[in-house]
Amino acid sequence: MREKKTPHTRLHIVKLMVSQGKLRVTANAFDGAALLGFSFPLAVSIASLINSLKPYDFYKSRTAYHDRTIWHDVYRVGRHQRQIYLKLIVQGDVLIVSLKER
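Residue numbers 1 to 102, in UniProt numbering, belong to the letters of the sequence shown in order.
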């Protein structure tokens, strides 16, 4: 696994993908969002969280364990009085989102 301190995918591209509906949220992210008190519909709340990201929320980029060509951009944000890890993965023209409490 490799790491770097700059995003693999620029934040404005991520937000553009959200606005174009190219968002896939993992089942674990839906579960985590519900446990963290996100409002329903969860996909809309998660999209809103992504759109609220600022460059200073970026934490690190790292490659996937199983495939070193797939980069995960990790953001740390505070919401609902909790710290959240938000992992963004761009594969093709789809943004895959995973999140969990830190």
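No residue lacks a Cβ here, since even glycine has one placed at the ideal position from N, Cα and C.
Source: prediction; values computed, not measured.
By the 16-neighbour rule on beta-carbons within 10 angstroms, residue 18 is buried. Per DSSP, residue 15 is one residue of the alpha helix (DSSP H) stretching across 11-19. Annotation: the continuous alpha helix (DSSP H) that includes residue 42 extends over 42-51.
When the beta-carbon positions are compared, residue 43 and residue 97 stay at least 7 Å from each other. Rounded to whole angstroms, residue 50 and residue 67 show a C-alpha spacing of 25 Å. Relative to the Cα of residue 1, the nearest Cα in the group 37, 72, 87 belongs to 72.
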